[in-house]
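Numbering (our numbering), first residue to last: 217 to 529.
Some notes on the structure that comes next.
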């Protein structure tokens, strides 16, 4: 609980100007790290005891924290006005902006819907792979590596796909690929001979599609939000989206207990696919995707103040 509180809170303190290029600059390396790191993490507990693995994991975090002290960058302290704005007024302004903007409302609804049923799937997926499909630790590690591999491919191709198909079709199409591929997971239990192959295809497409959508959705969200509201809107968005995650875990546990693992995975897969409804029927309410893209093109095609990095699309 302490770890979740700390990591969630510190995300809001990331410099707002750095958040725009983050999706295009950080995602490929982040997915590569997952690709290289997840398989050993699955195999290691079967060679060492769990407490030893947890200690090693804690040491790696300490090494990461110490490496941050090597950054030789002098940051300026932000200006703090003498009179602070009321706390609940800031919350209200952030929530109000997200709810009233049709595009942010649709994006937040889609993400919250997806996270709810995504967590349903991930609550039981490891039990399904080890108990129902009888996969060993090596096979589970390979499946997770393929997931990260698909995410890495998606992160390096997201920009070129947006240029070819435009912003709206890229987001919706990638969500169809990513969410629709969840249906292959319960299907793998019906074909025992090729269950591992079906899982590999499913997890690769999930990583590929969802990451492409995330990159462009985050970029779109940052383009829509005025700079002075960035922190408040970002906090409101994260509250709405992350709030469904514990509910999804609880729902996944209950469904798995009373209806079985395969049925739970099928419900979770259909639920993630239903997140598309937010984009298909809500996002066009105020402005078409193509119009929105042209409206924000002067901002999103610009470079940052140093002239070094393209910001968005």
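All C-beta atoms in this analysis are idealised placements derived from N, C-alpha and C, irrespective of residue type, glycine included.
Buried versus exposed call for residue i [16 or more other C-beta atoms within 10 Å across all chains shown]
i           : result
residue 507 : Because residue 507 carries a pLDDT of 47, less than 50, the predicted location of this residue cannot be relied on, and the following value inherits that uncertainty. Burial call: exposed.
residue 335 : buried
residue 474 : exposed
residue 394 : buried
residue 184 : Absent from the model: residue 184. The displayed extent of the chain is 217 to 529, so no value can be given.
residue 391 : buried
residue 344 : buried
residue 444 : exposed
residue 290 : exposed
residue 438 : buried
residue 520 : Here the model assigns residue 520 a pLDDT of 35, short of 50, so the residue's position is not dependable and the matter cannot be decided.
residue 274 : exposed
residue 398 : buried
residue 384 : buried
residue 327 : buried
residue 213 : Absent from the model: residue 213. The displayed extent of the chain is 217 to 529, so no value can be given.
residue 429 : buried
residue 472 : buried
residue 375 : buried
residue 281 : exposed
residue 277 : exposed
residue 287 : exposed
residue 431 : buried
residue 460 : buried
residue 416 : buried
residue 323 : buried
residue 436 : buried
residue 293 : exposed
residue 347 : exposed
Residue range of the alpha helix (DSSP H) that includes residue i
i           : result
residue 450 : 446-458
residue 398 : Where residue 398 is concerned, there is no enclosing alpha helix (DSSP H), given that its DSSP letter is neither H nor E.
residue 352 : That residue, residue 352, is in no alpha helix (DSSP H); it is neither H nor E in DSSP.
residue 478 : 477-490
residue 311 : 303-316
Cβ neighbours of residue i in the same chain (closer than 6 Å, five flanking residues each side left out)
i           : result
residue 484 : 333, 336 and 337
residue 377 : 386
residue 427 : 367, 370 and 371
residue 419 : 359, 362 and 363
residue 351 : 345
residue 330 : 488 and 491
residue 325 : 494
residue 389 : none
residue 242 : Note that residue 242 scores 46 on pLDDT, short of 50, meaning its location in the model is unreliable; the coordinates nonetheless yield the value given after this. Around residue 242: no qualifying Cβ.
residue 342 : none
residue 270 : none
Same chain, Cβ closer than 7 Å to residue i, five either side skipped, listed in chain order
i           : result
residue 238 : Model confidence at residue 238 stands at a pLDDT of 46, short of 50, so the residue's coordinates are unreliable; what they give is reported in the following sentence. Within the same chain, residue 238 has no close Cβ partners at all.
residue 396 : 489
residue 349 : 404, 405 and 411
residue 469 : 339
residue 301 : none
Residues near residue i in its chain [Cβ-Cβ closer than 8 Å; skip 5 each side]
i           : result
residue 413 : none
residue 211 : The structure shown does not extend to residue 211, since the chain spans only 217 to 529, so no value can be given for it.
residue 355 : 345 and 412
residue 496 : 388
Are three or more beta carbon pairs between the stretch 477-486 and the stretch 399-407 nearer than 8 Å? yes
Specify whether the stretch 301-318 and the stretch 441-449 touch according to this definition: at least 3 beta carbon pairs, one from each stretch, less than 8 Å apart. yes
Check whether the stretch 357-376 touches the stretch 404-423, counting contact only when three or more Cβ pairs, one atom from each stretch, lie closer than 8 Å. yes
Quick one: any contact between the stretch 332-352 and the stretch 461-470, if contact means 3 or more CB pairs under 8 Å? yes
Which residue spans inside the stretch 359-432 form an unbroken alpha helix (DSSP H) run of at least 4? 383-396 and 400-404
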